[in-house]
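S.K.: Just so you know, the sequences run in chain order D and B. Each residue of the first sequence is one higher than the one before, starting from 28 at the first, in this note's numbering. Each residue of the second sequence is one higher than the one before, starting from 149 at the first, in this note's numbering. Just so it is clear, CB atoms sit at the ideal spot from N, CA and C, and this is done for glycine as well. First the structure, which I've put down as structure tokens, then a few questions once you've had a look.
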Amino acid sequence: MNKHFPMSRRGFLKLGGSTAAVASALGASRLEAMEQELGGKDFSPVTGKLREAVPYTCLVCNIEDGGIAYVEDGRIVKLEGNPDHPGNRGKLCAKGNSGFLHTYDPDRIMTPLLRTGKRGEGKWKRISYDEATTMLAAKLREVIDRSVKANDPAIRNEIVFKWGRNRTGGAIQRLMGAMGSSAMVGHTNICESSKKIGLEPSWGPDIESADFQNTKYALIFGGNVTETAYFHNPNAQRLVDGVVGNKAKLVYFDPRHANTAKIADEWFAPYPGTDGAVALAMANVIMNEKLYDDAFIRTWTNVTPEQLTAHLKSYTPEFAEAESGIAAKDIRRIAREFATTKPATTFSYRGPCKHVYGSYQEAAIHMLNVITGNVEKKGGYCLPRGMGYGQPGPKPAGGKAASILGAPPTYPLAGHQVSTHMPYQLMKGDAKCSVLMTYYDNGAYTYPSSHVWEALLKDEKLIPFYCSFSPYMSENAELADLIIPDTTYLERWDPESMPSDLRPWLGIRQPVIKPLGNTQEWRMTAIQVAAKLDPDGSLGIKQYLNFKDGEEWVRAQFDGIPGLKEDGGFDYLKKNGVWPKYGKIDPVTGQIVDKNGDEVPADYGLHMKELSAAAMEGTTVEANGAIKKGGKTVGVRINGKNHAGFGTGSGKIEIYKEGWKKYGFNPMPVYKRLPSRDKKADELVLITFKVNVHTQSRTASVKYLAELYHKNPAWINPKTAAAKGIADGDLIRVTSTVGYIVTRAHVTEGIHPDVVAISTACGHNSYGRLAQLKMKEKPADYMLGGDADIDNNVWWDDKGVHPNPIIKLSVDPIGGSQGWYDTVVTVSKAQPTDKYGDVKASVEASMKDYEETLRLAYTGDLHKANHKEVDIDWAHLPELKAGGGH
Amino acid sequence: MQTLIEQVAQGARLDECRAQSALFRLLARTLEYEVDEAFLSHLRNDLLEALAEAGAELPEDMLSGPSDALFEKLAVEYTALFVQPGAISPYASVFETGSMFQEQCDRAARWYQENGFVFKHRYSGEFPDHVGTMLSFVAALFEREAQALEAGEEGNAEEIRQSRERFLIEELGSWAPGWAKLAAQAAQHPFYERMLGLVERVLWDELTQVVPPRRMRELTEKNSRGPTVIKKDPGFRKASGL
Ligand code: SF4
């Protein structure tokens, strides 16, 4: 104690202690935590200078969140969420935050490379973009000349374009259409196509917008919302808003204890592929106990409650228990809770639909929302809200001849192609390819039985010329003849929209920096190729790609969008990144609010909207109420009122799908027991999963993300492991009929005892030194390529083992989706000679799987046997027709 | 009026500058672009003996014969070494930070600009902090110094000399010799192996001329180190994976 400070330290502390209780009541200081700032600007920590802020749309994954790139000296130094974006509301996920490392990755391909050695030998010579585009144009011209000479448009289908992530807003389709080729193969059948096909004929769009934020009850089937699934970052925020803020109950079904299970009130682990049985049993309870919304079913669907009750009769909770392992009493209880808690919604992602007959499972889950009247309600199961943008005129007519690769006739209902079949179709000679181009595509890693893609791409007879547009040396790109590298997503133009919020938005992807080192975005490459392919315009190709650059092309795509022009048009988007601006984010609640601090409401009941007199002009109304214009349904008349309705032929929700029945499929949602359900007692079902910091394939080369997650041991239940003598960390062999992999066991209760789960994103054989962890294999200094960061800071020596080679090809005959979770395996302790990372997979075995899966198609011999209940003339199913789809 | 001794000394310095300029230009040319007809002809003719004396003898397969296959072979080696993924990245940014186009790049560009040069790329994916381009800048400064000496602009020549030495120490000294050593190990064709060896030796030689011995130790260390190592805390490791 001294005279200036007569109080002892103890005294101070006592005062402090007393103040602590009332501290928050003392009012705000002038200092506020930085996180409370809304963002939107950033300063250099060294100079204090305001950094240049450029809005863009993320594309590390496919959710298309809005971001702001901070640029200093022409260099991206930081990425942040765009606070004006209604979808992600100012936040990016870990992947989004790390995205700029893609741009500066020293293993990025920065100049076109021409193969000089054998395919895959790794011998290249650098060439210029000019030389490369000339070369590709010449290869394409050869095919087109042959087609012209033979007067055979089908020859043009020898130009094949295969894409993975295509966010070009129709630019690839435009190029292919201009050249007259229909051989376009997207990746959707390894993604969620049977979800889309379960939904589209039911109500129009291919996905739901579950209004988690306002819901009171969320039932999620196989969709890991807080980590991955669709609308990852936006949906994760809304689910937390609902569960924490709105006190909603969350029930989660997933054979694996994903992080979404952690915030759930109840987690159930159904046997893989049985979600549909559970959903049908819940519907059975809801119908039998008269908990359904009678008026909604009668008014807005094409079935009656009586028909539904009769259809669901055999799907008792006891039946579902026997299939799924989930107790009948829980199924009953949850069905009652779901039907009586308002509002409620389901959400489902790949869990239910990525099986053979996954389309039925998705339709069954969708039906739960319909019979409880939760469709288009606040807090319910809503239609997705997107905004359209087209391609500018003149538009190419497209290929004249249908392509078997682009639309396999054996899958007439699979409107999102059956891309898994491409190598088999080519190997069997069902289709021909002269020039293959790939964009954001890595089949030799990302596909089931990925070794088959490797075999295809290595075969110079089947693929005489292969041009990859990849900026990374992926498993595919390694096998290319020519690589014309695209830029990364932060250096190019694309139009965007994604229904990640109930308020629709339009976004822009724009170069936040000039393409690094004068690389060239794909659009420029396409423009140059078209100009060289058709220099005088006589082939009629050049006119469709007559743009100065990517910016001019995308600007034309945004022209004529109602309302955008008044707000400033394309330049508004360049400045703000997203349109319209609904309000600003409340820093405390995270919601978008107006000037008065009130949340900006979304529109509900879209199907109820009445059509204006102008919209009704030139329409006819059919007996079932469908309002038609130019052969298309534009609404539905109900009780004398003209409503917007749903995007189906009748304008109503079609629980009964006539289009499915035509091909011998059950028109109603049903459950089909899969062969994996009948596996032997000591076998397991192999499932895969995505993790929160990675995409399937591309992010393994991103340093921040690779450090967070880089190895993927196989999840196995302690009981199962004990029975097999396997301990945590043991070397194990996982064997399917295709082959085996040698990996390690992660023994955990968070997995169904009949299941083994292995994540994607690991175990690359290509994709740069970090993804391959090459520097650990070959310790010679020079292998580091001078990247001392990798040398010193990569402390891990395990890159994981990829499960795809042993996953069997098996496809849903309705939606055409790959059954990722249908492979039966045996798991055993590794054999003495096994080494971690060993992979053995047989092309012959995969060829057999292809033949086997064709047997399930509507033309196959197992189809009728699996659909005995369908009452149609089996002798007269529709003829095979290339270019089916819908 | 210069004394005779001064004149002789200046003549020697002039000659040395010219020789150094040519040497650095040769090294820069080797690293910046693939071997072409004109370059091969110089290597085979005017430079043959000097190269051998400098310990970078032209390999057997480059001495004579048809050149197309040879150009192809060398282009493939060049691409594998310096261009394609997995290569020895020739950029200061990558060597020092693990990313392309970082501050090192801006610094190099500023040096060029301040001395009246602009960086022009021929292929995409080329940046100002390419080791070859930096060596060609050293060559240009040697040449300018020679010109100044020739014109009797002693003060100017001195300024250029200081500038060059500073560039060499600040922008190349801490990494380029180390890089050249690694690159030589990675080379599979003796031409690049030998030329990269030469780059390393020439750089060390030049640095020894201009750097006090005390600093040399520091530079030697820098050339064999990377950025700061993250502490390998076992807890950190555990939290980062399963
Ligand atoms: S979820 Fe993450 S990676 Fe995907 S778009 Fe959003 S921020 Fe980007």
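So for Ser236 of chain D, helix, strand or coil by DSSP?
M.R.: strand
S.K.: Using a Cβ-based criterion (distance less than 8 Å to any ligand heavy atom), does His259 of chain D qualify as near ligand 1?
M.R.: yes
S.K.: What separation, rounded to the nearest whole angstrom, lies between the Cα atoms of Thr473 of chain D and Lys118 of chain D?
M.R.: 28 Å
S.K.: What is the DSSP secondary structure of Trp606 of chain D, reduced to helix, strand or coil?
M.R.: Reduced to three states, the DSSP call for Trp606 of chain D is strand.
S.K.: Comparing the C-beta of Ser247 of chain B with each C-beta of chain D, is any distance below 9 Å?
M.R.: yes
S.K.: Cα-Cα, which of D:Thr465, D:Thr328, D:Ala458, D:Thr74 is closest to Trp190 of chain D?
M.R.: D:Thr465
S.K.: Would you kindly work out how many angstroms separate the C-alpha atoms of Pro522 of chain D and Leu283 of chain B, rounded to a whole number?
M.R.: 43 Å
S.K.: For Asp92 of chain D, is the beta carbon positioned less than 8 Å from some heavy atom of ligand 1?
M.R.: yes
S.K.: If contacts are defined as beta-carbon pairs under 8 Å, then Ile841 of chain D and Tyr384 of chain D qualify, I think. What distance do you get, rounded to the angstrom?
M.R.: Ile841 of chain D to Tyr384 of chain D, Cβ: 7 Å. Contact.
S.K.: List the residues that DSSP assigns as beta-bridge partners of His112 of chain D.
M.R.: His112 of chain D pairs with nothing; no bridge assigned.
S.K.: I need the boundaries of the alpha helix (DSSP H) containing Cys253 of chain B, first residue and last residue.
M.R.: 251-262
S.K.: Name the chain B residues that come within less than 8 Å of Leu140 of chain D, Cβ to Cβ?
M.R.: Thr227, Val231, Gln232
S.K.: Is Lys717 of chain D a contact residue of ligand 1, with contact defined as CB to any heavy atom under 8 Å?
M.R.: no
S.K.: Using only the heavy atoms of ligand 1, determine whether one of them is closer than 8 Å to the beta carbon of Cys409 of chain D.
M.R.: no
S.K.: At the 9 Å Cβ level, is Glu348 of chain B part of the contact set with chain D, yes or no?
M.R.: no
S.K.: How many angstroms separate the CA atom of Lys679 of chain D from the CA atom of Asp839 of chain D?
M.R.: Rounded to the nearest whole angstrom, the CA to CA distance from Lys679 of chain D to Asp839 of chain D is 26 Å.
S.K.: Which same chain residues, not among the five before or five after Lys805 of chain D, have their C-beta less than 7 Å away from its C-beta?
M.R.: Low local confidence applies: a pLDDT of 44 at Lys805 of chain D is under 50, so the model's placement there is unreliable, with the coordinate-based value given in what follows. So no residue of the chain qualifies.
S.K.: Examine ligand 1 and report whether any of its heavy atoms sits within less than 8 Å of the Cβ of Leu367 of chain B.
M.R.: no
S.K.: Please confirm whether Arg135 of chain D has its beta-carbon closer than 9 Å to some beta-carbon of chain E.
M.R.: Of the protein chains in this structure, namely D and B, none is chain E.
S.K.: Counting C-beta neighbours from all protein chains within 10 Å, is the total for Leu152 of chain B 16 or more, i.e. buried, or is it exposed?
M.R.: Classification of Leu152 of chain B: exposed, given that the 10 Å Cβ count is below 16.
S.K.: Candidates D:Pro745, D:Ile247, D:Gly534, D:Trp823: which alpha carbon is nearest Glu734 of chain D's?
M.R.: D:Trp823
S.K.: From D:Ile431, D:Gly790, D:Ala458, pick the residue whose C-alpha is nearest to that of Asp865 of chain D; which is it?
M.R.: D:Gly790
S.K.: At the 9 Å Cβ level, is Arg173 of chain D part of the contact set with chain B, yes or no?
M.R.: no
S.K.: In this structure, how does DSSP classify Ala202 of chain B when only helix, strand and coil are distinguished?
M.R.: coil
S.K.: Suppose only complete runs of 3+ residues qualify. What are the beta strand (DSSP E) ranges in the stretch 520-561 of chain D, listed by chain order?
M.R.: Here the runs fully enclosed are 521-523, 533-536.
S.K.: How would you write the range of the alpha helix (DSSP H) that Pro450 of chain D sits in, first residue to last?
M.R.: 449-454
S.K.: Does at least one heavy atom of ligand 1 sit under 8 Å from the Cβ of Cys218 of chain D?
M.R.: no
S.K.: For ligand 3, any of its heavy atoms closer than 8 Å to the Cβ of Leu86 of chain D?
M.R.: Ligand 3 is absent from the structure shown, which contains only ligand 1.
S.K.: Throw me the rounded Cβ distance for the Thr447 of chain D and Ile511 of chain D pair, which I believe falls under 8 Å.
M.R.: Not quite, the Cβ-Cβ distance comes to about 26 Å (not below 8 Å), so this is no contact.
S.K.: In whole angstroms, give me the CA-to-CA distance for Ala355 of chain D and Thr368 of chain D.
M.R.: 20 Å
S.K.: For Gly577 of chain D, I'd like the list of residues in its chain whose CB is within less than 7 Å of its CB, leaving aside the five on either flank, ordered along the chain.
M.R.: Arg519, Trp520, Glu548, Arg550, Met551
S.K.: Using 8 Å as the cut-off, can you tell me whether the stretch 207-216 of chain B makes contact with the stretch 227-239 of chain B, which would need three or more C-beta pairs spanning the two stretches below that distance?
M.R.: Touching, no.
S.K.: Anyone know if the C-beta pair for Ser855 of chain D and Arg771 of chain D falls short of 9 Å?
M.R.: no
S.K.: Considering only heavy atoms of ligand 1, does any lie closer than 8 Å to the CB of Leu119 of chain D?
M.R.: yes
S.K.: With 9 Å as the threshold, decide whether the Cβ of Arg270 of chain B is near any Cβ in chain D.
M.R.: yes
S.K.: Hey, would you say Val783 of chain D sits closer than 9 Å to Ala872 of chain D, going by beta carbons?
M.R.: no
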